[in-house]
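K.L.:
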Amino acid sequence: MSVEAKQFKNALKLWASGVTVVTTQGRDNQPRGMTATAFSSVSLEPPQILVCLNQATDTGAALLESRRFAVNILNSAQEDVSNQFAGSTTQEQRFASIAWQAGENGAPILSEALAVLECRVVQQVQAGSHWVIIGEVDSVVCREGDPLLYYHSAYRTVATQG
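Numbering (the UniProt record's numbering), first residue to last: 1 to 162.
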């Protein structure tokens, strides 16, 4: 027995998650990136994470070709960055108005991201309309700040105790 798509979406709205931008470098040496909330740690030894990317995206295709990517965990002031990378803008437009540089593995690193994990693909699994990509983490950058969260179809921030 399967649930309807609307029921499934309504249930997932109740899961609060961090917001990331997954980036890679295309065969043409141009940056590719997209917003993704399907991100999780997998293993501590070795350090591995997973991201889920729609098979129809050009970012996903470039990532599977290059086998290198970065997960940029957005900070609470980066709603506009999330929207920019989630929308129907071109790849050039996504990267045009933000500060970034190539990371150690060539994938773009967003200069103001709260954290960045540079990874190489160790496994990919097709699951429905998406690729589940497992990456081994080769490099990490951490910065001060609070994360951008997504809950009930809206951006949220961490409430601090006063």
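In this text, a Cβ means the ideal position worked out from N, Cα and C, and glycines have one as well.
Would the region 92 to 106 count as touching the region 40 to 58 if we require 3 or more Cβ pairs under 8 Å?
P.N.:
Touching, no.
K.L.:
What residue does the alpha helix (DSSP H) around N83 start on, and which one ends it?
P.N.:
As a working note, residue 83 is residue 83 in the sequence shown. Here the alpha helix (DSSP H) through N83 covers E79 to A86.
K.L.:
Just to confirm the assignment: which complete beta strand (DSSP E) runs, minimum length 3, are found wholly within the UniProt domain "Flavin reductase like" (12 to 157)?
P.N.:
As far as the UniProt domain "Flavin reductase like" (12 to 157) is concerned, its whole beta strand (DSSP E) runs of at least 3 residues are 20 to 25, 31 to 36, 39 to 43, 48 to 54, 68 to 73, 100 to 102, 108 to 110, 115 to 127, 130 to 142, 148 to 151 and 154 to 157.
K.L.:
Could you tell me the alpha carbon to alpha carbon distance between V132 and T160, rounded to whole angstroms?
P.N.:
For the purposes of this step, residue 132 is taken as residue 132 along the sequence shown, with counting starting at 1. For the purposes of this step, residue 160 is taken as residue 160 along the sequence shown, with counting starting at 1. Cα to Cα, the separation comes out at about 33 Å.
K.L.:
What would DSSP say about A159, mapped onto helix, strand or coil?
P.N.:
Here residue 159 refers to the residue found at position 159 of the sequence shown. A159 falls in the coil class under three-state DSSP.
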